[in-house]
Structures are given as C-alpha cells and as structure tokens.
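Mind the numbering: the sequence shown is residues 64 to 269 in this note's numbering, read in order. Following: one structure in structure tokens, then a few remarks.
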Amino acid sequence: MGKEQDLLVAVKSGDLLLAHKLLSKVKCNKTKLLGSTKRLNINYQDSDGFSALHHAALTGTTELLSLLLEAQATVDIKDINGMRPLHYAAWQGKADSVLLLLRANASVNSSSHDGQIPLHLSAQYGHYEVSEMLLQHQSNPCMTNKAKKTPLDLACEFGRLKVTQLLLSSNMVTALLEGDGGLNSLDAPTTTPLHLASRNGHKDII
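Printed below as a string of structure tokens:
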C-alpha cells in the first residue's frame, strides 16, 4: 500500500500520529529542491473520489482537518457525487469542522451533482448550529436541489422545528416567501414547506 493509501487509512481511523508522520514528510520534501523521496499527494482520491480531507470532515476530527489544511489540501475537492468536505461536515453536524473549513474559504453555495448545498444537508438533519454558521457565511437558503426543494422545504419535511425557525428568520427566505405569497401559497408550482410538514405529520411546524 502506498503512502497516499496509508494517509487515507490513517485519517479514516483517526490515527493522528501516523497522519502527522506522513504529513511531516510532505513538509520536509517541500524544503528540498530535488527530493529523492516521492512526494505524497495530499489530494489523492480513492475509487469513490474520497480524499483524506473528505474522511476528516466526515469523522469530525478537527486535529486531522487542521493538519491537512496546513499541508495545503484542496478545501473544495469533489468526490464522484460532487460532494465536498463541507457537505460531509454539514451532514454530520460537525460544527467545529464546518468552522475550520469555512475559515479555509470552503464554498458554502457549491452544489453536489444532485443540487445539494451544505445547508440542504444541515437543514434536513436538524443541525441548528451548523445551519446558523452556514447562514452567517452567506449560504443561500433559497437554493433548490434537483428535486426542487430548498433547505426550508427539507427542514419542514423532516420536522426540524428549530432549523425551520432559523431559516424563516433569514432575510432571503422572508423576501422569497413574500414574493411567492407566503409559506402556504396555492399558486406555487411546487409543494410548499407547509404542505411538506403537514404530509409528514409535523404539527409543531404547522
């Protein structure tokens, strides 16, 4: 197994010592004009397009995330589904990891192949702190995915009351709802957030 695969395994298993050792070699090689040792590819991806940074974001190990970002891992690297590390951190509700990625200038509004931005995922799974953080970094709560659903739609559909309230307080959502005649507009071309909440039995949202 090569060094790149070793790094993926180390990050996936949370082996901070091994990851640090492998990444230290990257730093050493950068100081050499002609290194005899083959340089480790920090952005190596497996057959699913997963990089070490994807794994670190998914597990929420901030120490590993910091190490990888310091070693200049590409923050917006995409897997085969167009998912970036920020998508996975948002999906898992890893607030500290999300903050690290945002500080490294991760794109908050880049979508996956199915049209999901990180806010779709944090809203669907009810991660309030992450959703708030994404909104503070200018994530667009009005973006629709391939299923024509916004983060607000998903929060209502899955009964995420606190996230629903958070999204409703967003200026962009307020403007959208006022323009469409409100949450419950019968003229809307797609199912409204209230329809989704009602259909799925979330009376607290209604």
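Glycine is no exception: its CB is placed at the ideal position from the N, C-alpha and C atoms.
Is residue i helix, strand or coil by DSSP?
i      : result
Leu184 : helix
Ser232 : coil
Met146 : coil
Pro214 : helix
Val74  : helix
Tyr151 : helix
Asp159 : helix
Met196 : helix
Glu67  : helix
Leu80  : helix
Thr122 : helix
Lys225 : helix
Leu103 : coil
Ser87  : helix
His117 : helix
Cys205 : coil
Ser110 : coil
Ser129 : helix
Leu97  : Unreliable placement is indicated for Leu97, whose pLDDT of 46 sits below 50; the coordinate value is still reported in the next sentence. Coil.
Assuming residue i and residue j make a contact with CB atoms under 8 Å, what is their CB distance in whole Å?
i      : j      : result
Leu127 : Leu79  : 6 Å
Glu195 : Leu165 : Incorrect: roughly 12 Å between the Cβ atoms, too far for contact.
Val193 : Val171 : Not really, about 11 Å apart at Cβ, beyond 8 Å.
Gly70  : Lys88  : Per the sequence shown, the amino acid found at residue 70 is Leu instead of Gly. No, Leu70 and Lys88 are not in contact; Cβ-Cβ is about 10 Å, not under 8 Å.
Lys141 : Gly112 : 7 Å
Thr125 : Leu163 : 6 Å
Asn106 : Ala136 : 6 Å
Leu184 : Ala153 : 5 Å
With a threshold of 8 Å between beta-carbons, can residue i be considered close to chain D, or not?
i      : result
Leu164 : Of the protein chains in the structure, only one exists, and it is not chain D.
query = Pairing CB atoms from the segment 76 to 86 with CB atoms from the segment 138 to 149, are three or more of them under 8 Å?
reply = no
Inter-stretch contact (C-beta, 8 Å, three-pair minimum) for the segment 210 to 226 and the segment 188 to 202 = yes
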